[in-house]
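**Student:** My questions will all concern the structure given below.
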Amino acid sequence: MTVDWGWFPDHQSDLVTLTLDHLSTAVPAVLFGLLIALPLAVIAHRVRALRGLLLGLSNILFTIPSIAIFVLLLPITGLTRTTAITGLTIYTLVVLLRNTVEGLDSVPTKVREASTAMGARPLRTLLTVELPLAFPVIMAGVRVATVMAISLVSVASYIGYGGLGQLFTDGFQRNYPTPVVAGVLLSLLLALVADAVLVTIQWLCTPWLRRRA
Amino acid sequence: MIELLKDLLRWLTSGSQWSGTDGIATRLLEHLQYSLLATLVAAAIALPVGLLIGHTGRGAFLAINLSGFGRALPTVGLVTLVFLASGLSMWPVYISLVALAVPVIVTNTYAGMAAVDPEVRDAARGQGMRWYQVLFQVELPLALPLIMTGLRLACVQVVATATIAAYVSFGGLGRYVFDGLAQRDLVQVLGGAVLVAVLAIALDLALAGVQRLLFRNRPPRAHAH
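Chains L and W are the protein sequences, given in the same order. Read the first sequence against the UniProt record's numbering and you will find it ends at 213, with the numbers running on by one and no gaps. Read the second sequence against the UniProt record's numbering and you will find it ends at 225, with the numbers running on by one and no gaps.
Quick look at the structure:
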């Protein structure tokens with residue numbers, strides 16, 4: 001198998017377009033996933049009876065093959081980017097939900113009680129005490145979900161919105177490995193950069209952890 | 001929607017669908033074969049690595065980065081690449097599935113070993129235990145819950161991903177997903193997806209059962225993870 005490295009500069013603008021395409025599917029998926037996972041995690045954390053149900057349900061969604069999820073969404077959302085984003089959102093849920101619940105669980109009861117004793121209502125305790133303390137664990141979930149979403153976008157190439165995954169289909173059909181190598185490398189690079197960005201955000205948002213270290 | 005579910009039920013329960021070389025029974029066995037073999041090979045590679053990293057404390061950086069790298073690797077790309085390199089064989093399927101499972105098992109094994117109380121480890125050494133005795137009689141049993149979590153997670157991911165075997169023209173339950181996709185036959189796709197999900201959940205429950213057997217003599221605290 002030979003890779004034609006000259007192909008890369010020749011297709012520079014295509015690669016940039018596909019990379020941006022890739023990001024515009026993965027990033028909204030994680031954001032929507034977070035938007036859904038946060039309230040569900042608060043419910044799972046507070047209402048013990050619903051906890052097993054919610055976590056179990058997200059686990060089951062995780063076992064459905066990603067290709068099948070995209071196809072099953074087709075009758076509802078059609079051949080659009082929405083289908084790709086929705087499918088990936090479903091996948092991010094399992095990681096985001098579990099980590100957010102774990103994060104909230106890790107807040108010591110005494111801290112929560114102290115906040116209540118100082119007159120804070122539950123919502124205020126949640127926003128100003130529990131979520132900031134759970135932030136590192138939640139961010140660990142966001143990092144995993146983001147890397148996973150970026151690697152899974154390529155599966156959506158079956159419905160035409162696979163970003164860099166388009167290169168896999170192209171190389172497969174033409175029996176030409178170069179675009180496939182390009183797709184794998186760029187996808188890896190993208191995941192790496194996105195993870196570094198998230199680590200930086202986490203570092204900037206948790207000054208109290210830095211001072212202690 | 002109701003109509004679709006009825007069709008799905010008919011598809012799943014018809015006798016002719018279950019028999020023959022392209023029947024559900026055959027596809028299910030193929031899928032099980034791909035998944036179990038890949039998970040076993042991955043475990044054979046990943047468990048020693050994870051235990052060694054956890055025991056020596058060396059290479060933790062590697063373990064953590066490996067997991068990130070493994071998650072970031074697009075499976076479809078890997079399958080395509082190995083397919084183009086090796087031609088029509090089972091290599092693309094097994095290499096991709098093993099590559100998917102190894103990082104998950106290594107990280108969880110390492111995490112389990114890292115979570116063992118250092119004082120317990122020191123006490124074992126202080127009692128004159130050799131390194132392998134510390135590893136197998138103290139650290140491994142304590143790390144087992146997290147190791148099992150890793151194996152279960154890897155198994156579920158492998159079963160869900162083994163559908164790619166059909167992408168490179170092999171069997172397994174992915175056949176229904178890909179053939180259904182090509183024929184615009186939603187019931188078939190749905191049927192394949194349901195069967196994959198059921199298989200993944202069944203294997204997960206089976207492993208949970210094994211885990212419970214391994215821990216039946218433990219105080220309940222060991223289940224806390």
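Even glycine gets a Cβ: it sits at the ideal position worked out from N, Cα and C.
Within 8 Å (strictly less), CB to CB, does Leu97/L reach chain W?
**Tutor:** For the purposes of this step, residue 97/L is taken as the residue at position 97 of the first sequence. It does not: the Cβ of Leu97/L has no partner Cβ on chain W nearer than 8 Å.
**Student:** Could you give the residue range of the alpha helix (DSSP H) that holds Gln127/W?
**Tutor:** As a first step, residue 127/W is located in the second sequence; it is residue number 127 there, counting from the start. Taken as a continuous stretch (DSSP letters only), Gln127/W belongs to no alpha helix (DSSP H), as it is neither H nor E.
**Student:** Anything in chain L within Cβ reach of Asp71/W, meaning under 8 Å, just list it in chain order.
**Tutor:** Position 71 of the second sequence, counted from the start, is the residue given in the question as residue 71/W. Correcting the residue type first, residue 71/W is Arg in the shown sequence and not Asp. Chain L residues near Arg71/W: Val144, Val147, Met148, Ser151 and Ala191.
**Student:** Quick one: is Pro74/W near chain L, going by C-beta distance under 8 Å?
**Tutor:** As a position in the second sequence, residue 74/W is number 74, starting the count at 1. Yes - at least one Cβ of chain L is within 8 Å of the one on Pro74/W.
**Student:** How is Tyr161/L classed by DSSP in three states: helix, strand or coil?
**Tutor:** Counted from its first residue, the first sequence places residue 161/L at position 161. Per DSSP, reduced to three states, the secondary structure at Tyr161/L is coil, with no helix or strand assignment.
**Student:** Taking any Cβ of chain W, which residues in the region 63-78 of chain L have a Cβ under 9 Å from it, in chain order?
**Tutor:** Thr63, Ile64, Pro65, Ser66, Ile67, Ala68, Ile69, Val71, Leu72, Leu74 and Pro75
**Student:** 8 Å is my cut-off, CB to CB: does Ala114/W come that close to chain L?
**Tutor:** Taking the first residue of the second sequence as 1, we reach residue 114/W at position 114. No, its Cβ sits nowhere closer than 8 Å to a Cβ of chain L.
**Student:** Looking at the secondary structure, which residues open and close the alpha helix (DSSP H) in which His55/W lies?
**Tutor:** For the purposes of this step, residue 55/W is identified with residue 55 of the second sequence, where counting begins at 1. Counting along the chain, the alpha helix (DSSP H) containing His55/W begins and ends at Ile24 to Thr56.
**Student:** Judging by CA-CA distance, which residue of Phe61/W, Val104/W, Ile201/W and Gly87/W is the nearest neighbour of Gly70/W?
**Tutor:** In the second sequence, counting from the first residue as 1, residue 70/W sits at position 70. The residue with the shortest Cα to Cα distance from Gly70/W is Val104/W.
**Student:** Find the residues of chain C that neighbour Thr149/W, judging by a C-beta separation of less than 8 Å, and give them in chain order.
**Tutor:** Included in the structure are the protein chains L and W, with no chain C among them.
**Student:** Pick helix, strand or coil for Ala224/W, following the three-state DSSP scheme.
**Tutor:** Within the second sequence, residue 224/W is the residue found at index 224, counting from 1. Note that Ala224/W has pLDDT 39, beneath the 50 cutoff, so the model's placement of it is unreliable and the number below is only indicative. In the structure shown, Ala224/W sits in coil (DSSP, three-state: anything other than H, G, I, E or B).
**Student:** Short of 6 Å in beta carbon distance, which residues of its chain neighbour Ala38/W, apart from the five on each side in sequence? Order them along the chain.
**Tutor:** Taking the second sequence and counting its residues from 1, the one referred to as residue 38/W is at position 38. Cβ neighbours of Ala38/W beyond the five flanking positions: Tyr94, Leu97, Val98 and Val158.
**Student:** Can you name, in chain order, every residue of its own chain whose Cβ lies under 7 Å from the Cβ of Cys205/L, other than the five neighbours on each side?
**Tutor:** On the first sequence, position 205 is the one that residue 205/L refers to. Phe135.
**Student:** With the cut-off set at 8 Å, would you say Leu32/W and Leu199/W are in Cβ contact?
**Tutor:** Position 32 of the second sequence, counted from the start, is the residue given in the question as residue 32/W. Position 199 of the second sequence, counted from the start, is the residue given in the question as residue 199/W. Contact: yes.
**Student:** What residue range does the alpha helix (DSSP H) around Leu23/L cover?
**Tutor:** Indexing the first sequence from 1 puts residue 23/L at position 23. Gln12 to Arg46 is the extent of the alpha helix (DSSP H) around Leu23/L.
**Student:** Starting from Ile93/W and walking both ways along the alpha helix (DSSP H), at which residues does that stretch end?
**Tutor:** For the purposes of this step, residue 93/W is identified with residue 93 of the second sequence, where counting begins at 1. The question names Ile, yet the displayed sequence has Val at residue 93/W. Start and end: Trp91 to Ala114.
**Student:** Ends of the alpha helix (DSSP H) at Gln211/W?
**Tutor:** Residue 211/W sits at position 211 when you count from the first residue of the second sequence. First-last of the alpha helix (DSSP H) with Gln211/W: Leu186 to Leu214.
**Student:** Please decide whether Arg221/W counts as near chain L, where near means a Cβ-Cβ distance under 8 Å.
**Tutor:** Here the question's residue 221/W lines up with position 221 in the second sequence. Reliability fails at Arg221/W, whose pLDDT of 49 lies under 50, so the model's placement of it is uncertain and the value that follows must be treated cautiously. Taking Cβ atoms only, chain L never reaches closer than 8 Å to Arg221/W, which makes this a no.
**Student:** If you follow the alpha helix (DSSP H) that Asp179/W is part of, which residue opens it and which one closes it?
**Tutor:** On the second sequence, position 179 is the one that residue 179/W refers to. Gly174 to Ala182 is the span of the alpha helix (DSSP H), which, as asked, contains Asp179/W.
**Student:** Is the separation between the beta-carbon of Thr163/W and that of Ile67/L shorter than 8 Å?
**Tutor:** Locating residue 163/W in the second sequence gives position 163, counting from the first residue. Locating residue 67/L in the first sequence gives position 67, counting from the first residue. Yes, Cβ-Cβ distance for Thr163/W and Ile67/L is below 8 Å.
**Student:** Which same chain residues, not among the five before or five after Leu142/W, have their C-beta less than 6 Å away from its C-beta?
**Tutor:** Here the question's residue 142/W lines up with position 142 in the second sequence. Cβ within range, chain order: Val116.
**Student:** Please determine, among Leu34/L, Leu164/L and Phe8/L, the residue with the shortest C-alpha to C-alpha distance to residue 223/L.
**Tutor:** In the structure as shown, chain L begins at 1 and stops at 213. Residue 223/L is therefore absent and cannot be evaluated.
**Student:** Let me see if you follow: with CB-CB separation under 8 Å, is Ala224/W close to chain L or not?
**Tutor:** As a position in the second sequence, residue 224/W is number 224, starting the count at 1. Confidence at Ala224/W is low in this model, with a pLDDT of 39, below 50, so the placement of that residue should be treated as unreliable; the coordinate-derived value is given next. Not an interface residue.
**Student:** Which residue's Cα is closest to the Cα of Asp105/L: Val42/L, Val27/L, Ala191/L and Leu209/L?
**Tutor:** Counting from 1 along the first sequence, the entry for residue 105/L is found at position 105. Asp105/L has its Cα closest to that of Val42/L, out of Val42/L, Val27/L, Ala191/L and Leu209/L.
**Student:** Does the separation of the CB atoms of Pro179/L and Leu167/L fall below 8 Å?
**Tutor:** Along the first sequence, read from residue 1 onward, the residue named residue 179/L stands at position 179. Along the first sequence, read from residue 1 onward, the residue named residue 167/L stands at position 167. A contact, by the Cβ cut-off of 8 Å.
**Student:** Can you pull the chain W neighbours of Leu188/L, defined as C-beta to C-beta under 7 Å?
**Tutor:** Taking the first residue of the first sequence as position 1, residue 188/L is located at position 188. Simply Ala72 and Leu73.
**Student:** Tell me the residue span of the alpha helix (DSSP H) that contains Val95/L.
**Tutor:** By one-based count along the first sequence, residue 95/L stands at place 95. Run containing Val95/L: Arg81 to Asp105, per the alpha helix (DSSP H) assignment.
**Student:** Which word fits Ser187/L, buried or exposed, when buried means at least 16 other C-beta atoms lie within 10 angstroms of its C-beta?
**Tutor:** Mapped onto the first sequence, residue 187/L falls at position 187. Ser187/L should be labelled buried.
**Student:** If I measure Cβ to Cβ from Leu47/W and keep anything under 7 Å in the same chain, skipping five residues before and after, which residues do I get?
**Tutor:** Sequence index remark: in the second sequence, residue 47/W carries index 47 (1-based). Excluding positions up to five away in sequence, the list reads Ile105 and Thr109.
**Student:** Do Ala191/L and Val147/L count as a contact pair if the criterion is CB distance below 8 Å?
**Tutor:** Locating residue 147/L in the first sequence gives position 147, where the first residue counts as 1. Locating residue 191/L in the first sequence gives position 191, where the first residue counts as 1. Yes; because the gap between Cβ atoms is below 8 Å, this pair is in contact.
**Student:** Taking 8 Å as the CB-CB limit, is Gly20/W close to chain L?
**Tutor:** Within the second sequence, the letter at position 20 stands for residue 20/W. Taking Cβ atoms only, chain L never reaches closer than 8 Å to Gly20/W, which makes this a no.
**Student:** Please tell me whether Val77/W has its Cβ less than 8 Å away from any Cβ of chain L.
**Tutor:** Along the second sequence, read from residue 1 onward, the residue named residue 77/W stands at position 77. Residue identity check: residue 77/W is Gly in the sequence provided, not Val. Yes, because at least one Cβ of chain L sits closer than 8 Å to the Cβ of Gly77/W.
**Student:** Taking 7 Å as the cut-off, is the CB of Leu84/W close to at least one heavy atom of the ligand HEM?
**Tutor:** Although the ligand HEM was asked about, the structure shown includes no ligands whatsoever.
**Student:** Ends of the alpha helix (DSSP H) at Asn65/W?
**Tutor:** Here residue 65/W corresponds to residue number 65 of the second sequence, with the count starting at 1. Counting along the chain, the alpha helix (DSSP H) containing Asn65/W begins and ends at Ala60 to Ala72.
**Student:** Between the Cα of Thr25/L and the Cα atoms of Leu164/L, Gly103/L and Val101/L, which residue gives the shortest distance?
**Tutor:** Numbered from 1 along the first sequence, position 25 holds the residue referred to as residue 25/L. The shortest CA-to-CA distance from Thr25/L to any of Leu164/L, Gly103/L and Val101/L is the one to Leu164/L.
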